[in-house]
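The structure appears right after this line, and notes come after that.
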Amino acid sequence: MADISVLQIGADDWTTNIDATAIDWQYTTILDLPTRLALQKDPYVLEQTYVVLTDDTLSSTLLSSQISAWPALRTIYFAKNITPAFQEALDERRAFCIQNTTPEAVQKRIQEDFHFDQIGFSTRFSEQQFIPMPPTGIHFKREGRFSAQFSGDFGTTWQQIGTLNTFVGDLMPNVENMIWLDYEQTETVAVQLQFVFYKDNHIQTVQMITGDELRQQHPVGGIDDYQDYQVLIFAKGTGKLDLHVLHQRRSRHGLGTLLPGDEWQMTDEHEEVLSYFNPGDRQSPLIVNFSGIRLHVDGFEMRGPFNELGTPYLLFSDVRMQGGAFHIGSEMYEQKVVEIIKKAMKTLHLEPKDVILTGYSMGSFPAMYYAADIKPHAIVVAKPLISLGTLTGKSEFPREVNQDWTLDVRRFLAGRMHPDDTDMLDNILWRHIENVDWSKIAVALFTLKQDEYDGQSLPQLLSFFEENKTQLIQTQEEGTHTAKIPEMIAFMKTHLAKLKDSMRKEDR
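Residues 1 to 508 (the UniProt record's numbering) are what the sequence shown spells out, left to right.
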């Protein structure tokens, strides 16, 4: 069965030109659309994954009204002749404009770029993945697991300084990945990446990306057939080069990074911010969710449950370091997060009292942290992580194959690796939220009795809420941090649904 279904609306039926094994393709004219919808089990539901508008001119009031009633981020079109009212409906529903105009090209574009698989991963400059090759006279050292530092005079021509270990499955034939390099530099030193593709033990082709190009998402791959590939690292100039992570995401050719319609932004300090905004049914509440720890693959979380709820939502994903840095950092980074939230609020004409902040595990921290900036109506959090100093100071972080993540988060947040920073890191949250009127914020909290990540901080959190007269609902279950995921999701969905109903009653 096809994973994607399409309702084509237009004058010409494309069905015979579509590979039905790849896409479930349905067709209707504009005039027949009301009849088709009336025959559905629920005439108000869009049963297909996407609507594709195939007319060159879009002016129908009937169709634009229906587009406005359907979910956002589900309409695809290529018309150039569009009335202002119709264009307004397309823009508000965040419709996708593509350049493809033939049945075969549109089908190919949908299959390649409109799927919901979040394909993104990191190749890190760790002992396991990076082979350093410092030239004579160049000093090399590591800090943490994911900081490879070279310093000295590299000369005026490119010199290889190392190789990243890769896997054949990182790239696919005829498919591009979008890459960017997380690194720091001083003085005149510059870095170059060479992607070397092999076939039959010979170099097939070399793709080079240099300097500032590496600070933006840049396409690599797209090779017809290859057997293996390498990433070679080169440098030239004078100064210090600190290499962290090479990010790779499957290309959507301008239509998103991890999901169709998401937004990738880079701060002036070269920190990426990934967000995904769905305006839902345009009504309060706006739910803002922060992702948990993303150890091995990039991705947003809770999209499915929020789609079921129907309200507007905004997702953040943090894949800095090995698994994320709690969605906080420099002043510029945090301002960007707040700016994105307030932009979504402005788009929906909502106020702070219309916002709910959510997150679990790592995402619980920013859900509470940004309450100081947003002043939301409510917070729904699970498996809270609070004391970042104590958490990152553990010699053996209790998660398989992941003892390194906490060390690098500590170095990232404190700027160094020193035991004296524990108290400072433990107090990041408390310092930021101490002036919030928590009596005006409803909190729903899901916890586990044997939480070995940061369970010892729970009494402090509960005391804080009690002292500040917070409206608190807490559910506690038996289990360690990674246990009871279905129960946790059910808890969050239940309380978000209750908050949605109560907040909408208040608005009437």
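Just so you know, even glycine gets a beta-carbon here, dropped at the ideal spot from N, CA and C. All of these numbers come straight from a predicted model, not from anything done at the bench.
Smallest Cα separation from residue 16: which of 60, 102, 96 and 51? If we check each option's Cα against that of residue 16, 102 comes out closest.
From what residue to what residue does the beta strand (DSSP E) around residue 378 run? 378-382
If distances are taken between C-alpha atoms only, which option among 27, 116, 502 and 32 comes closest to residue 304? With distances taken between Cα atoms, residue 304 lies closest to 116.
Roughly how many angstroms separate the alpha carbons of residue 489 and residue 159, rounded to a whole number? 51 Å
Could you name each continuous beta strand (DSSP E) segment of 3 residues or more that falls completely within the region 312-357, going from the start of the chain to the end? 313-317
Within a Cβ cutoff of 8 Å, which residues of the same chain sit near residue 28, ignoring the five residues on either side of it in sequence? 7, 8, 9 and 36
With C-beta atoms as the reference, is residue 322 less than 8 Å away from residue 124? Contact flag set, yes.
Bridge partners for residue 266 per DSSP, in chain order? Paired residues: 272.
In chain order, what residues of the same chain lie with their CB nearer than 8 Å to the CB of residue 34, ignoring the 5 residues before and after it? 62
Answer yes or no: do residue 301 and residue 314 have a C-beta to C-beta separation smaller than 8 Å? no
Within this structure, are the beta carbons of residue 387 and residue 454 separated by less than 8 Å? Yes, the Cβ-Cβ distance between residue 387 and residue 454 is below 8 Å.
Contact set for residue 163: own chain, Cβ-Cβ below 8 Å, skip 5 residues either direction: 130, 131, 133, 230, 231, 232 and 233
The beta strand (DSSP E) enclosing residue 446, as first and last residue numbers: 442-448
DSSP bridge partner residues for residue 116 (one or two, in chain order): Bridge partners of residue 116 according to DSSP: none are assigned.
Spatial distance of residue 503 from residue 415 (CA atoms): 42 Å
What is the residue span of the alpha helix (DSSP H) that residue 364 lies within? 364-369
Of the choices 259, 404, 460 and 431, whose alpha-carbon is the least far from that of residue 144? Closest option to residue 144, Cα to Cα, is 404.
Using DSSP with H/G/I as helix, E/B as strand and the rest coil, what is residue 260? The three-state secondary structure of residue 260, taken from DSSP, is strand.
Rounded to a whole number of angstroms, what is the C-alpha to C-alpha distance between residue 272 and residue 440? 32 Å
Spell out a yes or no on whether the region 78-88 and the region 211-230 are touching, meaning 3 or more CB-CB pairs, one atom from each, closer than 8 Å. When C-beta atoms of the region 78-88 are compared with those of the region 211-230, fewer than three pairs fall below 8 Å, so the two segments do not count as touching.
If you check the beta carbons only, do residue 98 and residue 4 fall under 8 Å apart? no
Of the choices 426, 356, 306 and 136, whose alpha-carbon is the least far from that of residue 499? 356
Can at least three beta-carbon pairs, one atom from the region 166-182 and one from the region 208-223, be found at a separation below 8 Å? yes
To which residues does DSSP link residue 77 through a beta bridge? 53 and 97
How should residue 443 be labelled, buried or exposed, when 16 other C-beta atoms within 10 angstroms of its C-beta is the threshold for buried? buried
Kindly identify the DSSP beta-bridge partner or partners of residue 234. 160 and 192
Where does residue 398 fall in DSSP's three states? Note that residue 398 scores a pLDDT of 46, beneath 50, so its modelled location is shaky; the value from the coordinates is reported in the next line. Coil, per DSSP.
Could you tell me the alpha carbon to alpha carbon distance between residue 52 and residue 280, rounded to whole angstroms? Here the alpha carbon of residue 52 sits roughly 19 Å from the alpha carbon of residue 280.
Kindly indicate which residue of 337, 286, 430 and 362 has the alpha-carbon position closest to the one of residue 377. 286
Backbone secondary structure at residue 454 - three-state DSSP: coil
Inspect the CB distances between the region 360-371 and the region 289-296 and report whether three or more fall short of 8 Å. yes
For residue 143, which three-state DSSP category applies? Coil, per DSSP.
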